[in-house]
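Scroll down for the structure; my scribbles are underneath it.
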Amino acid sequence: MKSGLLVAADLYGCAEDALAQESLKKVLEDYAEKNSMHMQSIRTEQENETSYGIYSICKAGHIILHVNLEKGFVAIDGFSCSEDADPEKMVRELCSFLAPDKMKLTYVDRGDFGKKADMKPRHRNKSRKITQMRNMTKRFGKLLMKPKSL
Numbered sequence: 003m004k005s006g007l008l009v010a011a012d013l014y015g016c017a018e019d020a021l022a023q024e025s026l027k028k029v030l031e032d033y034a035e036k037n038s039m040h041m042q043s044i045r046t047e048q049e050n051e052t053s054y055g056i057y058s059i060c061k062a063g064h065i066i067l068h069v070n071l072e073k074g075f076v077a078i079d080g081f082s083c084s085e086d087a088d089p090e091k092m093v094r095e096l097c098s099f100l101a102p103d104k105m106k107l108t109y110v111d112r113g114d115f116g117k118k119a120d121m122k123p124r125h126r127n128k129s130r131k132i133t134q135m136r137n138m139t140k141r142f143g144k145l146l147m148k149p150k151s152l
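Sequential numbering of the sequence shown, starting at 3, is according to the numbering used here.
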């Protein structure tokens, strides 16, 4: 069962003129509607003088941008559970607008557990090692406690 797609993008060396807060917010609104993300609310928050965030809640997902003006860095998260929404296309359009020098995209299928074996925890039972250590301690203790012959 696949319940949604999360697309994360790390953009390095973005065009300075594209990083203006109000213009990026407007572009985000346009691309979200164009790709059926159905934006319900949007908020911007200035973190400090060189970075800010744009947070958008959509009908069945979210879009989040973290922008660092000093480094020309933008981190984008686009997620949607909706069948008609296309978060990948929306993130790619944002990437082309920001024109980065380097870009890294990551895809995560949320709710896709794969095979039943994939759902098992990936840790080993350590009780066997503990039992082995206890037995070894008992044996050495007995060996050390034996009286030495004269």
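Even for Gly, the Cβ is constructed at its ideal location relative to N, Cα and C. Here the structure is a predicted model, which is why all the values come from computation and not from measurement.
Given 8 Å as the limit, tell me if residue i has its C-beta closer than that to any heavy atom belonging to the ligand GTP.
i, result
"Lys140", "Absent from the structure shown: the ligand GTP. Ligands present: none."
Using three-state DSSP, classify residue i as helix, strand or coil.
i, result
"Ser98", "helix"
"Gly80", "strand"
"Lys28", "helix"
"Leu71", "coil"
"Ala17", "coil"
"Thr133", "helix"
"Met147", "helix"
"Met41", "strand"
"Ala34", "helix"
Assuming residue i and residue j form a contact by the criterion Cβ under 8 Å, report the distance between their Cβ atoms to the nearest whole angstrom.
i, j, result
"Cys16", "Ala34", "That belief does not hold up - the Cβ atoms of Cys16 and Ala34 are roughly 19 Å apart, past 8 Å."
"Ser38", "Asp88", "7 Å"
"Gly63", "Gly6", "7 Å"
"Met135", "Leu13", "No, Met135 and Leu13 are not in contact; Cβ-Cβ is about 51 Å, not under 8 Å."
"Ile78", "Ala11", "4 Å"
"Val9", "Phe99", "At roughly 15 Å, the Cβ-Cβ gap does not stay under 8 Å, so Val9 and Phe99 are not in contact."
"Thr46", "Lys27", "6 Å"
"Ile44", "Ser58", "4 Å"
"Leu71", "Ile56", "About 13 Å separates the two Cβ atoms, so there is no contact after all."
Give me whichever residues DSSP pairs with residue i in a beta bridge.
i, result
"Met138", "Looking at the DSSP assignment, Met138 forms no beta bridge with any residue, so it has no partner."
"His64", "Ile59, Phe81"
"Gln48", "Tyr54"
What is the residue span of the beta strand (DSSP E) that residue i lies within?
i, result
"Met105", "104-112"
"Leu8", "6-14"
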